[in-house]
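Residue numbers (my numbering): 11 to 414.
In this text, a Cβ means the ideal position worked out from N, Cα and C, and glycines have one as well.
One structure is given below, encoded as structure tokens.
Here's what the structure looks like:
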């Protein structure tokens, strides 16, 4: 069956690759022009008492005032849900059509990214991607590499059946970013590693809440992660939290907004607050549980420079012009070289000017982060909104029978 939208028939069944913007699947309610996107998984807040006597209470979470505050934020929540619905649909498409042994990672990433662009009309105009589209480059880090790898132009890497790949990608609407990741590792020998990391991330989500200390979330994650050991090719490994990779608060156009969610205990006592959005992610490793920068950089972002102080230090006119074009195309959202070179406004011969912007602090580079060679790292991640009355795992895939 189809549904008439603006006089055109759009099938409610997704075609692969996607052909229609997401809004067409959600006609406004009767007598309204508002399109409501599906909620994520809602979880209640729980009263908690910690071993040091600290108590998180929830008595004021169901009051009229809390419900009113939630109502006042409903437009923002709906915007985040729109980005989350696109994330769900794109990862379903990727799992069913794009990810398979033998695929070139660059083709897989471009297929996935084009689906996001279609759903959010990111290619409608030269700068539409700043309004809605890709939240950050598609991470597809393999095996001992944990994060921040996406193919650069010309990369010929092919996905293998024996690989452990973390697919970590973002969508955004009006700068509201949904950040969610899962691990693809079809060889059953990795099953237990994936199970450990998924359980650890879910423990972090369960532990999160208003007034909860970040260190208590880290402790909950560590306890679950490190209760696992795995046997791979006859060798037994304890699963270690990758202790220098953390979840993070998210603000509009800022993927890492200032608060970090550790995956081990004993860290900072800073609290989570009402209204905050967090990416809760954990990485479990058979290696050292510690990552270092390694390999060619692909991820970059403009450093926030509201007064233009950093840009004033850039002496080279062409570099300043490049910074201006990057700002117009990406704002402070992260991007990669493939995006920079793409489309009608694609850059060429920009490398020397990009280097100049990095050296002057205008652009930040985020190289791949890897554990020791021969180790395997898995990752799971969801975006959680700490609403006044409940927490919403906005990126959860329950609507599609996905287990993530």
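Taking C-beta atoms under 8 Å as the contact rule, residue 207 and residue 292 qualify, at a distance of about 6 Å. If you draw a 10 Å sphere on the C-beta of residue 99, you find 16 or more other C-beta atoms in it, and that means buried. Residue pairing for residue 295: DSSP places it in a beta bridge opposite 250, 387. If you compare the alpha carbons of 55, 289, 387 with that of residue 71, the shortest gap goes to 55. By the neighbour-count criterion, in which a residue is buried when 16 or more other Cβ atoms sit within 10 angstroms of its Cβ, residue 144 is buried.
With respect to the C-alpha of residue 268, the residue from 204, 244, 224 having the closest C-alpha is 224.
Where residue 84 is concerned, the enclosing alpha helix (DSSP H) starts and stops at 84–103.
Using a C-beta cut-off of 8 Å, the stretch 122–137 makes no contact with the stretch 364–373, since fewer than three inter-stretch Cβ pairs fall below that distance.
Taking C-beta atoms as the reference points, residue 240 and residue 296 count as a pair closer than 8 Å. In the structure shown, residue 186 falls within a strand segment according to DSSP collapsed to helix, strand and coil.
Pairing residue 385 with residue 346 gives a Cβ-Cβ distance that is not under 8 Å. For residue 34, the three-state secondary structure derived from DSSP is helix. Between residue 343 and residue 333, the C-beta gap is not smaller than 8 Å, which leaves the two residues out of contact. For the 8 Å CB-CB criterion, residue 402 and residue 92 do not form a contact. The residue from 85, 142, 27 with its alpha-carbon nearest to that of residue 185 is 142. Between residue 94 and residue 188 the beta-carbon gap is near 5 Å, inside 8 Å, which marks them as a contact. Under the DSSP assignment, residue 361 falls in the alpha helix (DSSP H) whose first and last residues are 361–369.
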